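Colleague: Sharing a structure, written as structure tokens. Questions coming.
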Ligand code: Z5A
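Numbering (the working numbering), first residue to last: 10 to 220.
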């Protein structure tokens, strides 16, 4: 059996990642592919427990926070992602390591060298086949998230300058790795974002671009 492909969705809060993950899962299923949707931080029982500490807790030292993100990621990979890929399942992950780079490194100042060491330990060379970066101005994404009426988590309460650094971080990551990353206009209507997502999928992974 061939291994599945690993697709990640990245971007700021309210960029539409969960919405596009659902649409993508249906698209892949319609093409007859087995698919699993998962998320970070979380996606396995152990990682979901760490998620609660990260999102509900008080502020943490930024490197401690990066360590916890990678601890959760290592468990998620071991319990969920690697077994699925090995079984030939296509895995769609709502946020992955680029979020640590954008939030903890670009946003909170964790050195890139620390990120590199933690990546080596947690990922052991695994990288997404395709990363879709949904780009949107932070205030527009925040307005969408607020309209949902769910209480803001710790990251959502950080200031505008932090969210601007995170956005710039995602764009810098995509610019540095154009073969892996495609930047999509997250401010467009959901159907338009999904059309550009399908085009990226067709171009990079050779899937049919049928609606
Ligand atoms: N974090 C970190 O710091 N380091 C890490 O390594 C990782 C994460 C992995 C997790 O939050 C937090 O953890 C995150 C970063 C940090 N915090 N922040 N900010 P999360 O995963 O629970 O929350 P989120 O990633 O920010 O997701 P979100 O707010 O749910 O956004 P989304 O998934 O991108 O958007 P959505 O749920 O698809 O859409 C939001 C609303 O907009 C919803 O009402 C939709 O119907 C609507 N929507 C969606 N698309 C559109 C379009 N195209 N037009 C109009 N309206 C739309």
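All residues carry an ideal CB built from backbone N, CA and C; glycine is no exception.
Owing to the predicted nature of the structure, the values given are computational and were not obtained by experimental measurement.
#1: Starting from the Cα of residue 132, find the closest Cα among 141, 78, 163 and give me that residue.
#2: Just to check, is the beta-carbon of residue 187 closer than 7 Å to a non-hydrogen atom of the ligand Z5A?
#3: Rounding to the nearest angstrom, what Cα-Cα distance links residue 117 and residue 206 in this structure?
#4: Beta carbon of residue 35, beta carbon of residue 138: below 8 Å?
#5: Kindly confirm or deny that the region 92-106 and the region 43-58 touch, where touching means at least three C-beta pairs closer than 8 Å.
#6: State the DSSP-derived secondary structure class of residue 105, mapped to helix, strand or coil.
#7: Residue 141 and residue 219 look like a contact to me (Cβ under 8 Å); what is the Cβ gap, rounded to whole Å?
#8: Name, in chain order, the residues that DSSP records as bridge partners for residue 16.
#9: Here's a check: name, in chain order, each residue in its chain whose Cβ is nearer than 6 Å to the Cβ of residue 30, leaving out the five neighbours to either side.
#10: Could you tell me the distance, in whole angstroms, from the CA atom of residue 109 to the CA atom of residue 166?
Modeller: Working from what's here:
#1: The residue you call residue 132 lines up with position 123 of the chain shown. Of 141, 78, 163, the residue nearest in Cα terms is 78.
#2: Here residue 187 refers to the residue found at position 178 when the chain shown is read from its first residue. Residue 187: no, Cβ never under 7 Å from the ligand Z5A.
#3: Taking the first residue of the chain shown as position 1, residue 117 is located at position 108. Taking the first residue of the chain shown as position 1, residue 206 is located at position 197. Their Cα atoms are separated by approximately 29 Å.
#4: As a first step, residue 35 must be located in the chain shown, where it is residue number 26. As a first step, residue 138 must be located in the chain shown, where it is residue number 129. Their beta carbons are not under 8 Å apart, which means residue 35 does not touch residue 138 by this criterion.
#5: yes
#6: As a working mapping, residue 105 is identified with position 96 in the chain shown. If DSSP states are grouped into helix, strand and coil, residue 105 belongs with coil.
#7: Stepping through the chain shown from its first residue, residue 141 is reached at position 132. Stepping through the chain shown from its first residue, residue 219 is reached at position 210. Rounded, the Cβ-Cβ distance is 18 Å, inconsistent with contact.
#8: Translated into the one-based positions of the chain shown, residue 16 becomes position 7. Note: residue 16 sits in a beta bridge opposite 101, 139.
#9: Taking the chain shown and counting its residues from 1, one reaches residue 30 at position 21. Once the five neighbours on either side are set aside, the close Cβ partners of residue 30 are 18, 46, 101, 103.
#10: Within the chain shown, numbered from 1, the residue matching residue 109 stands at position 100. Within the chain shown, numbered from 1, the residue matching residue 166 stands at position 157. Distance between the alpha carbons of residue 109 and residue 166: 17 Å.
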